Structures are given as structure tokens and as C-alpha cells.
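Chemist: Residue numbers (the numbering used here), protein chains in the order written: chain R, 1 to 454; chain H, 455 to 937. Here you go, one structure.
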């Protein structure tokens, strides 16, 4: 199995590292010698320092015997041309491209059916903006994601002192809440991931991941003592692509939005593109500007500049000024363990989101999606149960689940079942599981679905 | 400044003007009126003057192009020349005793103002009344636009002349080629005029009067062959037909074009058009409310007369069905303000134009916004299109010049012994190309009693207003003449 990755940025690096650890043949092409060196020093892959859209380079890299081409440079044009050339030279190679410019959005499908026949076009920014939008609406939620085309959501929230759940044992849930009991997938306490059993209890300060039907989400949050309050004023730091997309989305929902952007030309561009949003020219960490514009009064602040350090700093500063709801964009995955300790919890990462959607697209078999949380320390896996698997046709309590793994949801004919001890998984059901990193391998065996690529 | 080019273009336009005098000559022959000889002599003088200019000037090569400066000078001088030669049929007629009056009437016609010095209109020769209407029709869409549509001679330089004659605050060309755009405009204009003639005939108006009125409605001119203007007929049907055509003439013609090309919502989607129509509605309701009871006893009459006066003034047409000087103060004030607002950009109407008013309000709002949010960056947008700062500056400059010229001219006119209300009213009516003003130049009076110098001043105001200030005013800036 051979994969060519064009672009050695953060996305290229992360995918290359995941694939290399799966013993695949990976070739990475990038023009930047610095980025290439970082890859070749750390990973067992082949590297070429050249332009990935150059046909001769593609042939040299062995495009003809390559199964998949991933075009993930920062330039949409380079990605498109790389796919176009690959399509001409080796039409059988699967192609996947990252295209970020919003003006291309409506052409994604045309790229698939016409030249250059890109099998999958991904735009992580769309996903990230949607995630930010969801995070905005769920106060206290640290992480939100969805399965089964949005019918089921998982939410990570921090349990506070006043929550009625604090101190409760999990097996008391059935007697207390009955059918509508929340399904807890993971508890993170003192930076440790616990997959709960009946005897575990919830403590204030815990970060809790639970799964819920999208329609019942509001009720669930009420159980945890959280209310959904529609936001009215939003503040965006950084008017890049994500900031612009988010502002457009917020304008549609008539939320009063202000954007701070440091580049004056970009400010002018934004002012041309956006209608009601107020564009402010200034540095993202300019406290005077924050006071001038009453940032402390806004319901939510989203820091999405290109610079991780600025984003973190701004979020900390605003927490200090009394803004409860801050969302921070982080690109570098090695910052993740640090963030919870300094109190930054609502984090989005377009790069990681790109990595996971690319991996999902290239993954073969019955796994539908695979979402890493907490900087890859745990995974939600959405899969289809096979007849040959040990998991089917048996009451759940008779199945020995590996330690650190839990079945959180069964979807049968678009009906959503929260599993109990007596539940039976039938072949063909969609199941959603959670597993800590160490348990993933064992879970694979149980499912007889190798969590394999290709 | 290449005078030779300018002279040649003016020469060609004069020949063209001479040819257009054949139409009233035919009318004269049909009615056997006394103006026949004056038209024959006018045609002769105008054609000969045009020919002399053409013979004396150099032939233009197809690659000669006119720069912006020359374009502006050409248009301003051409309009003056046309005003002078167009005055000949008036001057050579016994109704006019001096050239000042003839020139005033001619300029008032070409600039679609509609202020008149004639005291007994119905007593004049029919052909002369037809000429009065025809020059408004020619001036409404622009003589140079017309020549661009039918004469290929202007070629490359045409765009400069076009910009000088039709200075739109936000430039828009209907088609990539100028002559095609000009043709579309004139065809639309012609079709509207024909339809109005048919509607008026349908209501029983005689053909001659229907034609004259249609020829002066579409250019938002306002000359009428009747002494009492439209009030003569006292017909609800005629009132509303003319209101509708005045409104159509006050809307940007490129929107009419888009409508015809199948964009049915074009009027609604355009900010300026929405503003224009909304303003007419609000003002009509206000005036109706104001005059109902105090002037008219029936609400139907109040609405009918309110809508007619509001539309007539805001589109800068100047027809009258009622003496608005007998209206209460609120209505008079609103109509006076209408004189400044004017119609849409790209229409045949005058005034400051709604687009500029909108831009001005948005600009002012932006300034206030900037005080509240000192670090904010924002643009003025109309129809979701950003208006660049230089265009905004030119719009603000236009408005400032407009007001300043209004003040200066009013003072000058008052200095000639005219009372204050009349001075303000006459100047506002002439710069805005409306027609009737206030005071002693109201809808039931005329301009014949103005002092001689005052008539020249007002004629200049009309030219300045018609060519949207910059084109004329630039000639008075010394820097313009420096080499």
C-alpha cells in the first residue's frame, strides 16, 4: 500500500505519522526543505523536496503504483493542480484534496464527477466553524461532536459544584432518571481517562463525556444543571478564513458580532464581505481595545488567529476579564495536555479535524467514523456490527468488553437505543463505542473489524 | 486642449440640431401656422454654423481620442451652443421680444427644467409648442448619448463625452459597448414615450397635446402646451397616467433594461429604487394627510393631488395640477425638500439624485459609527457593493457644491431685487431642473418677470444642474485652462 502526501505542513505531518506507524509506504512531497527535514528526521518515510504539482516529480514519486494521493498543501491551487496531474498520469489513483477557499464550496461535487475526479474534497474549516457554532450554544461544553449524520451527539462538559449529579453513583441513574438516563462514556479526573462502570461516581470538577440523541440534548444538559441560553453577542479574534466563515454564519443567525483583525488590508476585505459584523483593526492581545469595545460583556469570545500562542493568551486574558465562554483554536497537538491545567477547555483544531476526516475517508471496512478526543487519548468509534463478531446476538452483560471500552449507543433502523445489560446487538446495527487508546486494539478483536486503513 | 476636435464635435451636433428642427417645420406646414419661416431660417443658420465649424476644424482620425478634460469642455460648450441655436426658433417668433427670453426658454427646454417665460402659451404657434416639447425630449436622455447611439463618429473618445453628460454617482454601463448601451437607452425611452401617447389618446386627449405631454413627461421636463398645465383637463385618469410615467422616468433606466431581460425583481432588489419609491409613498401620504380637510374635502382628491405634486416635484418634472403654494406649510416644506432630493441616478430626472442622498446618509452614519468604535473598519455599501472612498469623496463634494451654488445663486438673485422666497424657489427649481419654484415663480406663475441678468444666471444654474455640476463648474476653475 502506497500513499503520496503533497504538503508537509501540520496536516501532512500528522497523517504521515499515523500512516507510517501503520507500516504503510508513505512519500511526502513539499517545496519547503525545513518542513521536509522535520519529517525525514522523525518518521520512517520517503521525502522529496520539490513542488507536488509538478508532473515529473509525481512520476518520480511513483504515482503510477500509488493507491492514494493526498493533496494537503496550504495552497488550494497547488492541491487542485496536483490532483489534475495525478488524474492525467495515473487515473486509477484515489485522490483526496484539501480545498479551503469558500468560493470553491459549491464546486466540491463537480470536482468529483468531472476532471480532475477528486474522490474526496475536504474542507476542515467548514467542520471547525460548525463545531465552534455548536460549542457556542452549549455553555459549559468543552467538546461537541456528532455521529450518524448529526442524529447523535457526544458532549464533554465540566461538572460543577452545584450540579445535581455531583456525587452520584452511576448505578443510581436508572432509578433516578429511568429511560432518559444519560449515557456516560468517559470521566476525566486529574488528567486521567476513566471508562466508568456502575460503581463509579461523579465528582465536581470532573470532565464528563456523554452521548445523547440530538433532540434530547437540551433535556440532558438540564439534568447536569446546565441551561442552553441563546447567545446574542459574539466576539471573534482573528479575521482569517475561519473568522470570516464564522462571522457569516453568525450574521445569518442575527447574532451581534465583532471581529478584531490586525492586518489592515484584511480588515478592508472583511468589511467588504460582511454586512452587519463590526470590523475592528487592532492586535488580538490589545487590552485597551478590549475595554473600548466591551469585550467583557460578550456572551462568547472565539480566538481563531493563526497563532496558537496569541489564541491561548487572549483566552486566558478574557477569562480573567470575566468572559466565561471562550473558544480557542489550537493547531499544535502537543499543546493539548497543557491546556486543561491552565483552564482552557473549549478547543478547536482545524488541523486535527482535517487529519481525522482524511483518515476516516481513507479507512476501509465497516468503520464509519473514528473521532479522537482529548488530543488522541480516547476515541469514539462508529461501526457496523458484523454477524461474525462476538458482540452480536448476545445480551451485553454476557460479553466481556475490554477494560477501558464501552458501548454507548445502538442505532437500529434509525431508532436510537441506549444499551442496558439485557440489550442485544443485531448484525447490521450501527454501534458507537468509546475506548481509551490502550483498549482500541482489544476492541478491534472483539469487533473482528480491524481498525485498519485501506 | 485641442480646440479643433471640440469645434468639430460641436459642428456635427449643430448639423444634427438643424436636422431635428425639420420636425417642427413639418408640424408648422401641417397646421399652416405663422412659425414656418422662423424654422426655415433657424435650420439654415444652424446648419451653416455647423458646416463652418466642421470645415474649419481638422478631420478626426479614428485613433484620435479625447481625454477627460476635453470631454468635459466639449460637453459643456456643446450644451451652451445647442442652447443658443435652439433658441433661434423662439427668437425669430413674435412671441419673444428679446434674445434673453429665447435663450432662457431654450435652455430650460434642453435641460428638461420646464421653467417658462411665455405668458400666453396657448396663443403661440403649434409648431413652436411642439419644438418646446421636442427639445425637452432630446435633452432628457442627452443629446450626446443620442448622437453616440446613431452616429459612429465619436468612437474611442465617446466614453469621455458620455461620462461628462451622464455623470452617474456609481458608474454602470448596460453593455460592454457604449454605442449599444446608448441605443438601448434611446429605444427604451422611445417605447415609453409611445406608450404614454397611446394611454393619453385612450383617455381622449387630442393627438397633438398627447404627443407634447408624452415628449415632456419621459425626460421629466414639464413643458405643457396648455396655460394651466395638466390642471387644464381636471381628469383623474390623465393625472394617474402621467404620475405613473413620471415615476417610470425617475427610475434608473438600467433597471428597466434588467426588467425587460427577465429580472422581475430588479426594482425591489435595488436599494436606490426602493428608497425612491418608498420616499414617494411616504411623502404622498404625509401631504395627503396635510391637505385633506384644509384644502380638499374628499380624501380621494387629497390623495390624487398630493401624489401628483409629490411625484412631479421629486422626479423634477414640474407639471402642475394644483397650486401647491396654497397648501399648508408642511406640504410646501416637503415639496421644497423634494426639489433637492430628485430622482434616481441613471434616470432622466434631476436634483441631487437618491443614490447620492443614500450614500451621504451612509457616509454620515459611518462617521458617527467611527466615533463609537474608533478602531473599526467599515465601508459604505449600496446594493451590497462597496462604494470606493474616491467616489464617496466626489459625492460629498457634489453635495457641498450643490448647496453652495444654491446659496450663492440665491444671494445673487436676491441682489437683483427678487424677494427671498422667490430667489430660493427659483434657484432650487433651476439647479434641480424642476420648473416651477416658490414665491412669484410658483406653479401658476412664470419666470417672465425675472430681471434680465437673473434669467442668464438661472439659465446657467439649469446647465450646471443638468450636467451634474462638475462638467460645467470645472470650466470656471483657472487650473483647468493651464497648459
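Glycine included, each C-beta is placed from N, C-alpha and C at the ideal position. From a predicted model like this one, the values you see are computed outputs, not experimental measurements.
So, at 7 Å on beta carbons, what are the nonlocal neighbours of residue 780 (chain H) in its own chain, with the 5 sequence-adjacent residues on each side left out?
Modeler: Here residue 780 (chain H) refers to the residue found at position 326 of the second chain. These residues qualify, in order along the chain: 749.
Chemist: Got a sec? Which residues, its chain only, sit under 6 Å from residue 130 (chain R) by beta carbon, not counting five neighbours each side?
Modeler: On the first chain, position 130 is the one that residue 130 (chain R) refers to. Nothing listed; no residue qualifies.
Chemist: At the 8 Å Cβ level, is residue 836 (chain H) part of the contact set with chain R, yes or no?
Modeler: Looking up residue 836 (chain H) in the second chain gives position 382. Answer no: the Cβ-Cβ gap between residue 836 (chain H) and chain R never drops below 8 Å.
Chemist: So, at 7 Å on beta carbons, what are the nonlocal neighbours of residue 189 (chain R) in its own chain, with the 5 sequence-adjacent residues on each side left out?
Modeler: In the first chain, counting from the first residue as 1, residue 189 (chain R) sits at position 189. The answer, listed in chain order, is 203 and 206.
Chemist: Going by other Cβ atoms of all chains shown within 10 Å of its Cβ, with 16 needed for buried, is residue 1 (chain R) buried or exposed?
Modeler: Taking the first residue of the first chain as 1, we reach residue 1 (chain R) at position 1. The residue is exposed, with fewer than 16 neighbouring Cβ atoms inside 10 Å.
Chemist: Could you list the residues in the stretch 253-272 of chain R with a C-beta less than 9 Å from some C-beta on chain H, going in chain order?
Modeler: 258, 260, 261, 264, 267, 268, 270, 271 and 272
Chemist: Under a three-way DSSP split, which group does residue 697 (chain H) fall into?
Modeler: Taking the first residue of the second chain as position 1, residue 697 (chain H) is located at position 243. Of the three classes helix, strand and coil, the one that applies to residue 697 (chain H) here is helix, per DSSP.
Chemist: Under 8 Å between beta-carbons, which chain R residues line up against residue 830 (chain H)? List them in chain order, please.
Modeler: Numbered from its first residue, the second chain carries residue 830 (chain H) at position 376. The answer, in chain order, is 278, 279, 280 and 281.
Chemist: Reducing DSSP to helix, strand and coil, say where residue 33 (chain R) ends up.
Modeler: Here the question's residue 33 (chain R) lines up with position 33 in the first chain. Residue state, collapsed to three classes: helix.
Chemist: Give a yes or no on whether the C-beta atoms belonging to residue 97 (chain R) and residue 121 (chain R) are separated by under 8 Å.
Modeler: Within the first chain, the letter at position 97 stands for residue 97 (chain R). Within the first chain, the letter at position 121 stands for residue 121 (chain R). Going by beta carbons, residue 97 (chain R) and residue 121 (chain R) fall inside the 8 Å limit.
Chemist: Answer yes or no: does any C-beta atom of chain H fall closer than 8 Å to that of residue 289 (chain R)?
Modeler: To locate residue 289 (chain R), count along the first chain from 1; it is residue 289. With 8 Å as the cut-off, residue 289 (chain R) counts as an interface residue toward chain H.
Chemist: The beta strand (DSSP E) with residue 711 (chain H) in it runs from where to where?
Modeler: Along the second chain, read from residue 1 onward, the residue named residue 711 (chain H) stands at position 257. Looking at the DSSP string, residue 711 (chain H) is not in any beta strand (DSSP E); the run it does join, the alpha helix (DSSP H), is 707-714.
Chemist: Which residues in the same chain have their Cβ closer than 6 Å to the Cβ of residue 619 (chain H), if we skip the five residues on either side of it in sequence?
Modeler: Within the second chain, numbered from 1, the residue matching residue 619 (chain H) stands at position 165. Excluding residues within five positions, the ones whose Cβ falls inside 6 Å are 529, 596 and 598.
Chemist: Check for me: the beta strand (DSSP E) holding residue 501 (chain H) runs from which residue to which?
Modeler: Here residue 501 (chain H) corresponds to residue number 47 of the second chain, with the count starting at 1. Where residue 501 (chain H) is concerned, there is no enclosing beta strand (DSSP E), although the alpha helix (DSSP H) it sits in stretches over 490-510.
Chemist: Against chain H, with Cβ distances strictly below 8 Å, would residue 293 (chain R) count as a contact?
Modeler: Here residue 293 (chain R) refers to the residue found at position 293 when the first chain is read from its first residue. Yes - at least one Cβ of chain H is within 8 Å of the one on residue 293 (chain R).
Chemist: For residue 934 (chain H), count neighbouring Cβ atoms within 10 angstroms of its own Cβ and tell me buried if that reaches 16, exposed if not.
Modeler: If you number the second chain from 1, residue 934 (chain H) lands on position 480. That one is exposed.
Chemist: Which residues in the same chain have their Cβ closer than 7 Å to the Cβ of residue 262 (chain R), if we skip the five residues on either side of it in sequence?
Modeler: Here the question's residue 262 (chain R) lines up with position 262 in the first chain. The residues are 282, 283 and 284.
Chemist: Can you list, in chain order, the residues of its chain with a C-beta nearer than 7 Å to that of residue 496 (chain H)? Leave out the 5 residues immediately preceding and following it.
Modeler: Counting from one through the second chain, the residue named residue 496 (chain H) turns up at place 42. Answer for residue 496 (chain H): 475, 542, 543 and 546, listed in chain order.
Chemist: Can you give me the C-alpha to C-alpha distance between residue 327 (chain R) and residue 314 (chain R), rounded to a whole angstrom?
Modeler: Position 327 of the first chain, counted from the start, is the residue given in the question as residue 327 (chain R). Position 314 of the first chain, counted from the start, is the residue given in the question as residue 314 (chain R). The straight-line gap from Cα to Cα measures roughly 10 Å.
Chemist: In terms of residues, what are the limits of the beta strand (DSSP E) holding residue 407 (chain R)?
Modeler: In the first chain, the residue the question calls residue 407 (chain R) occupies position 407. Its beta strand (DSSP E) spans residues 405-412.
Chemist: Between which two residues does the beta strand (DSSP E) harbouring residue 143 (chain R) extend?
Modeler: Sequence index remark: in the first chain, residue 143 (chain R) carries index 143 (1-based). 141-147 is the extent of the beta strand (DSSP E) around residue 143 (chain R).
Chemist: Look at the Cβ atom of residue 500 (chain H), then the Cβ atom of residue 550 (chain H), and state whether they are nearer than 8 Å.
Modeler: Counting from 1 along the second chain, the entry for residue 500 (chain H) is found at position 46. Counting from 1 along the second chain, the entry for residue 550 (chain H) is found at position 96. Contact: no.
Chemist: In the DSSP assignment, the beta strand (DSSP E) including residue 379 (chain R) goes from what residue to what residue?
Modeler: Mapped onto the first chain, residue 379 (chain R) falls at position 379. Counting along the chain, the beta strand (DSSP E) containing residue 379 (chain R) begins and ends at 378-384.
Chemist: Tell me which residues share the same chain as residue 681 (chain H) and place their Cβ nearer than 8 Å to its Cβ, disregarding the 5 neighbours each side in the sequence.
Modeler: Looking up residue 681 (chain H) in the second chain gives position 227. Only 574, 575 and 576 meet the Cβ criterion.
Chemist: In whole angstroms, what separates the C-alpha of residue 123 (chain R) from that of residue 322 (chain R)?
Modeler: Indexing the first chain from 1 puts residue 123 (chain R) at position 123. Indexing the first chain from 1 puts residue 322 (chain R) at position 322. If I take the Cα positions, the gap works out to 34 Å.
Chemist: Hey, could you find the ends of the beta strand (DSSP E) residue 210 (chain R) is sitting in?
Modeler: Within the first chain, residue 210 (chain R) is the residue found at index 210, counting from 1. That run of the beta strand (DSSP E) goes 207-213.
Chemist: If you draw a straight line from the alpha carbon of residue 110 (chain R) to that of residue 6 (chain R), how long is it in whole angstroms?
Modeler: Your numbering for residue 110 (chain R) matches position 110 in the first chain. Your numbering for residue 6 (chain R) matches position 6 in the first chain. The straight-line gap from Cα to Cα measures roughly 22 Å.
Chemist: Answer yes or no: does any C-beta atom of chain R fall closer than 8 Å to that of residue 926 (chain H)?
Modeler: Translated into the one-based positions of the second chain, residue 926 (chain H) becomes position 472. So no, residue 926 (chain H) is outside the interface.
Chemist: Measuring only between beta-carbons, confirm whether residue 833 (chain H) sits less than 8 Å from chain R.
Modeler: Along the second chain, read from residue 1 onward, the residue named residue 833 (chain H) stands at position 379. It does: the Cβ of residue 833 (chain H) has a partner Cβ on chain R nearer than 8 Å.
Chemist: Measure from the C-beta of residue 895 (chain H) to each C-beta in chain R and report whether the shortest distance is under 8 Å.
Modeler: As a working note, residue 895 (chain H) is residue 441 in the second chain. Chain R contact via Cβ: absent.
Chemist: Looking at chain R, is there any beta carbon in it that lies within less than 8 Å of the beta carbon of residue 827 (chain H)?
Modeler: What you label residue 827 (chain H) is simply residue 373 of the second chain in a count that begins at 1. Closer than 8 Å: yes.
Chemist: Near residue 882 (chain H), what residues of its chain come up, given a Cβ to Cβ distance below 6 Å and the 5 sequence neighbours on each side ignored?
Modeler: Walking along the second chain from the start, residue 882 (chain H) turns up at place 428. If we look at residue 882 (chain H) and ignore the five residues flanking it on each side, its Cβ neighbours are 793.
Chemist: Indicate whether at least one CB of chain R lies closer than 8 Å to the CB of residue 561 (chain H).
Modeler: Residue 561 (chain H) sits at position 107 when you count from the first residue of the second chain. No, residue 561 (chain H) lies away from the interface with chain R (no Cβ there is under 8 Å from its Cβ).
Chemist: From the DSSP secondary-structure annotation, give me the bridge partner or partners of residue 154 (chain R).
Modeler: Counting from one through the first chain, the residue named residue 154 (chain R) turns up at place 154. In the DSSP output, where bridge partners are listed per residue, residue 154 (chain R) has R:145 and R:211.
Chemist: Suppose you measure from the CA of residue 463 (chain H) to the CA of residue 865 (chain H); what does that come to, to the nearest Å?
Modeler: Position 9 of the second chain holds residue 463 (chain H). Position 411 of the second chain holds residue 865 (chain H). Whole-angstrom Cα-Cα distance: 36 Å.
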